[in-house]
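One structure is given below, encoded as structure tokens.
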Amino acid sequence: MRDDPPPRRVLVEVRELQMHFPIHAGILRRRVGAVKAVDGVSFDIHEGETLGLVGESGCGKSTCGRALLRLYEVTGGRILFDGQDIARLGPRELRAMRPAMQMVFQDPQASLNPRMTVAAIIAEPLDEHTALSKADKLARVYELMDAVGLSRDFANRYPHEFSGGQRQRIGIARALALNPKFIVCDEPIAALDVSIQAQVVNLLEDLQERFGLTYLFISHDLSMVRHIADRVAVMYLGKVVELAPRDALYNAPLHPYTQALLSAVPDPDPAAEAVTERIILEGDVPSPANPPAGCNFCTRCPQAMEICHREDPEFREVAHGHHVACHRYNEAEDEFASAMATHEARERNQQGED
Amino acid sequence: MPDGAQPILDVRDLKTVFLTRGGEVHAVNDVSFDLRPGELLGVVGESGSGKSVTMMSLIGLLPMPPAEIRSGRAIFDGLDLLQADDDTLRAIRGARIGFVFQDPMTSLNPVFTVGFQLMEPLRKHMGMSKAQARARAAELLDLVGIPDAAARLKDYPHQFSGGMRQRVMIAIALACDPQVLIADEPTTALDVTIQAQIIELVKDLRRKLGMAIVWITHDLGVIAGIADRVMVMYGGQVVEQAPVRELFSDPQHPYTRALLQTVPSLRGKRAERLRVIEGQPPVLGAPPAACPFRPRCGHALERCGRENPRRLAVRPGHEVACFWDPASGGERHA
Ligand SMILES: Nc1ncnc2c1ncn2[C@@H]1O[C@H](COP(=O)(O)OP(=O)(O)O)[C@@H](O)[C@H]1O
Ligand SMILES: Nc1ncnc2c1ncn2[C@@H]1O[C@H](COP(=O)(O)OP(=O)(O)O)[C@@H](O)[C@H]1O
Ligand SMILES: [Mg+2]
Ligand SMILES: [Mg+2]
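Those sequence lines, one after another, are chains A and B. Using our numbering, you'd call the opening residue of the first sequence number 16 and step up by one each time. Using our numbering, you'd call the opening residue of the second sequence number 31 and step up by one each time.
Set out below in structure tokens:
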């Protein structure tokens, strides 16, 4: 394909990651099952890139992001961060790793302590992980406020005095305090108005460029992910079903779930809307406590075959950098060839338009 | 939809104010619009622009105080809703005007079965017997695409998924064959896949039942797919109103134009950088004396700081409240 990204160093390597939450019942709180929120997920995140993570709510995106930062004791698998398996680190070693890995949350309101000033909120990680003097700390806080576009005059104000977009800037400043390499952004714009979303996304892009940050950008907004991500992973019921470079994923989605997800997004163009045929998925995501036999998507898949109800498809690389877990691409070379032909035709069209 | 048809709902100069401890909040400032039988009117704008308060003012759902309707009229089928007494409004609400809100959990009562909540309006407003109401309730659940409808009447709201609950809300809103359905961000809390299901459902119900719909959303994509006409709100005012295709192909107000540009595209050309609207929407402590969008506007003229522009027609059916003219790049001449 045309624009292969140059090979980059892998910063985060996730292999067969599992995060199961136990379900207890009865007076004795016996363990009767588990919510398989993340169930055998593998991917790499390259240094300096943004990996988008999309999927319907409840499919395990947040759990996956939190597990990568070892905010949970993971059930299984490996998380290599800069070569070290953080899934197995003890508390002391983990603490030493913490500054390099940060998180920006969806709801800036809920993630900021209402009784702390902006300066104190941003300085909190510095208190915890550095021995900076008071003056140096304040200088660093000002530097961070400048970086995220917050006026220094606001340093002594409280979170409730700010709008949603400004609060998200405070959250971002705090995440940057310890010079992280990697930030998990969990739906960072979902609670913001459209006009403010664009401001925050541009800020995240600027900061990435300036500080060489690596992002996992979790979102259910497929248009925004197309804008910000270099590669995209699609999750369904605890598993990554497709992973591909951005343009390949949006122009030639292979997995029937990805196809349906993209098809469901309405077009801000009435003329296009009038002629669009959507793939309407029936029903809802099944419970991760009781996933179906075979492929997790088989209960809603418009293209399910007999084998899909029996066997869990393998997650395979079917083209350079394009992975998919779907039986349709196992033997049927022609399925894949026809999908790629569509993709190439579309690319030609797009070049024609430019 | 016939253009000359009498509007089913005709709202003029609605002003709604909240009296708060911090002072007055002027949420709705001289809003006028009409709704014609069978049409779908989309209402867009950022949060706080007055979309919900406008619609709640009409059906008497605002707590007063703190809310106060300062002026205006809202003629529904010959009757002024703003003058109507509580009993009259109660009879209209949920029967001739149905509504669906963003979060079905706040409007469905968790302690009653879905069947009971569907049957209640049928018995109250339509005078049906229990058996009649039960049969109709099952029909309604079936109509909104709930499998095994008759059996699910005895289930409680929490036994339904988010998308299914929204279907139940729509069934309740449609129970008494309303002439008008007001849907306030009915798909905002749902996944795109479920949103697509609900939109298909509403399109289908419109074809079958032919009621007029007001659909509030901040998602221009949703609007593009379902609306006949669109009104854009900002600062408690209608800043632009047009047939849907014209709004997208020839937006006049700088706010509409900016909104259309800040949303990234899923299928079109990918922009390297997103366009932004700097600043944030206002909370108005007083009626706007100047254009409320002026502080964020890239085209503000000297006049915009002195006067609040009135809404004028640029073409039949396409109105805009703005002194700036995108065609000339200068001041608009009437
Ligand atoms: N702490 C927890 N205990 C039990 N179940 C959980 C917990 N956190 C998440 N889950 C469940 O795991 C699944 C995935 O949730 P989540 O990761 O939040 O999904 P997403 O972010 O994609 O919406 C859901 O079924 C959710 O209810
Ligand atoms: N109960 C209330 N008390 C005070 N102000 C309110 C109340 N409800 C709404 N408002 C204000 O009215 C304005 C319009 O709100 P609303 O109609 O809910 O906006 P939208 O639906 O467009 O997001 C906002 O500035 C909001 O803060
Ligand atoms: Mg989540
Ligand atoms: Mg609202």
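Just so it is clear, CB atoms sit at the ideal spot from N, CA and C, and this is done for glycine as well. Every value quoted in this text rests on a predicted model; they were computed, and no experiment measured them.
- V262 of chain B places its beta carbon less than 8 Å from that of V269 of chain B.
- For the stretch 279-305 of chain A, the set of positions with a beta-carbon nearer than 9 Å to some beta-carbon of chain B reads A279, V280, P281, D282, P283, D284, P285, A286, A287, E288, A289, T291, R293, I294, I295, L296, E297, G298, D299, V300 in chain order.
- Using a cutoff of 7 Å, the CB of S126 of chain A does not count as near ligand 3, since none of the ligand's heavy atoms is closer than that.
- Just measuring C-alpha positions, the residue of B:G124, B:I200, B:V74, B:A357 sitting nearest V174 of chain B is B:I200.
- Burial state of I204 of chain A is buried, judged by a 10 Å Cβ sphere holding 16 or more other Cβ atoms.
- Taking the beta carbon of S191 of chain B as reference, the chain A residues within 8 Å of it are D299, listed in sequence order.
- For the pair of segments examined, the stretch 156-165 of chain A was found to touch the stretch 204-223 of chain A: the number of CB pairs separated by less than 8 Å reaches three.
- Identification of chain B residues near G180 of chain A by a Cβ-Cβ cut-off of 8 Å yields Q310, ordered along the chain.
- Beta-carbon to beta-carbon, E288 of chain A and H270 of chain A are separated by about 24 Å, too far to satisfy the 8 Å threshold.
- Within chain A, the residues whose beta carbon sits less than 7 Å from that of S295 of chain B are S238, listed in sequence order.
- Taking the C-beta atoms as reference points, Q274 of chain A is found nearer than 8 Å to I294 of chain A.
- Interface annotation, D168 of chain A: not in contact with chain B, CB-CB separation never under 8 Å.
- The shortest C-alpha to C-alpha distance from G193 of chain B to any of B:S159, B:P37, B:A219 is the one to B:A219.
- In the displayed model, L239 of chain B falls within a helix according to three-state DSSP.
- Taking the CA atoms as reference points, I137 of chain A sits about 12 Å from S126 of chain A.
- Any Cβ of chain B closer than 8 Å to the Cβ of L264 of chain A would place that residue at the interface, and such an atom is absent.
- Scanning chain A for C-beta atoms nearer than 7 Å to the C-beta of A226 of chain B yields A279, R293, I295, reported in chain order.
- Per DSSP, the continuous beta strand (DSSP E) segment holding D60 of chain B begins and ends at 53-65.
- Take the alpha-carbon of Q209 of chain B and the one of S279 of chain B: they are about 30 Å apart.
- Under a 10 Å Cβ-count criterion, A167 of chain B is classified as buried, with 16 or more other Cβ atoms of the shown protein chains found around its own Cβ.
- Boundaries cannot be given for A35 of chain B, as no beta strand (DSSP E) includes it and DSSP labels it neither H nor E.
- Taking 7 Å as the cut-off between beta carbons, the residues of the stretch 195-221 of chain A near chain B are D208, V209, S210, I211, A213, Q214, V216, N217, in sequence order.
- Between the beta-carbon of G309 of chain B and that of R326 of chain B there is about 4 Å, and that keeps the pair under the 8 Å contact cut.
- Scanning the stretch 193-278 of chain A from its first residue to its last, the whole alpha helix (DSSP H) runs of 4-plus residues come out as 209-226, 237-243, 261-266.
- Taking 8 Å as the cut-off, the Cβ atoms of I99 of chain B and F129 of chain B do not count as close.
- In this structure, the C-beta of V50 of chain A approaches ligand 1 to less than 7 Å from one of its heavy atoms.
- Just measuring C-alpha positions, the residue of B:G265, B:P273, B:A320 sitting nearest A57 of chain B is B:G265.
- For D258 of chain B, the three-state secondary structure derived from DSSP is coil.
- If you ignore the 5 residues before and after A35 of chain B, its C-beta comes within less than 7 Å of the C-beta of R66, P67, all in its own chain and listed in chain order.
- Between R324 of chain B and chain A, the shortest Cβ-Cβ separation is not below 8 Å.
- In terms of Cα proximity to P268 of chain A, the closest of A:E108, A:L159, A:H338, A:D327 is A:H338.
- Under DSSP, D221 of chain B takes part in no beta bridge, so it has no partner.
- Here the distance from the Cβ of P317 of chain B to the nearest heavy atom of ligand 2 is not below 7 Å.
- For R172 of chain A, there is no enclosing alpha helix (DSSP H), as DSSP marks it with neither H nor E.
- Annotation for E215 of chain B indicates a beta carbon within 7 Å of some heavy atom of ligand 4.
- For E143 of chain A, the enclosing alpha helix (DSSP H) has its first and last residue at 133-144.
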